[in-house]
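Let me begin by presenting the structure, written as structure tokens, before commenting on it.
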Amino acid sequence: MVKSTRHAKYELYYHIVFVPKYRRSHLTGKTKERLETIFAEICEDKDLELAESEVMPDHVHLFIGSPPKNAPSLIVNWVKGISARKYNQRYDDRVKWTRSYYVGTAGSTSKDAVERYIAEQEGGDE
48 MVKSTRHAKY ELYYHIVFVP KYRRSHLTGK TKERLETIFA EICEDKDLEL
98 AESEVMPDHV HLFIGSPPKN APSLIVNWVK GISARKYNQR YDDRVKWTRS
148 YYVGTAGSTS KDAVERYIAE QEGGDE
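For the sequence shown, the residue numbers in our numbering are 48 to 173.
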């Protein structure tokens, strides 16, 4: 769904994947439920749309919609940093994330469709 700010129309979604330190398979049970709740809180606080989330035993997948003012790296920093801090303050067990992550973009059109559209624009004003 296309959203808007005062100056822009946008449909930006990011697929974000990251792993706990040492890729330990401990993101299960209550830890999984707690993290899902914390990710939802972060997105609400930062005015992001959490379209999907899946906490796997050894990694996390998030699909987040964001206004164009937020860089993908900033979103990742928010999600990883705030989630670790909140989790570690609230619960006795600890969560630590590696510094690495994957981020991919998604929207309503494919790269090929945009390339075709731009190519078709040439000579359209004549």
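Where is the CB? At the ideal position from N, CA and C, for every residue including glycine.
query                                                                                               : result
Buried versus exposed, by CB contacts within 10 Å (16 or more), V142                                : buried
CA-to-CA distance, A98 to F86, given in whole angstroms                                             : 11 Å
Three-state class that DSSP yields for T47 in the structure shown                                   : A query on residue 47 cannot be resolved here, the shown segment of the chain reaching from 48 to 173 and no further.
Assigned secondary structure, Y134 (DSSP; H/G/I helix, E/B strand, else coil)                       : helix
Y174 vs I63 beta-carbon contact at 8 Å                                                              : For the chain, the structure presents residues 48 to 173; residue 174 sits outside this window and is missing.
E101 - DSSP class collapsed to helix/strand/coil                                                    : strand
Beta-carbon proximity list for V107, same chain, < 6 Å, skipping 5 on both sides                    : F65
Within 8 Å, strictly: CB atoms of V150 and P119                                                     : yes
Beta carbon of P114 nearer than 8 Å to that of T52                                                  : yes
Option nearest Y138 by Cα separation, candidates K77, Q168 and K68                                  : K77
Cβ neighbours of L95 in the same chain (closer than 6 Å, five flanking residues each side left out) : I111 and S113
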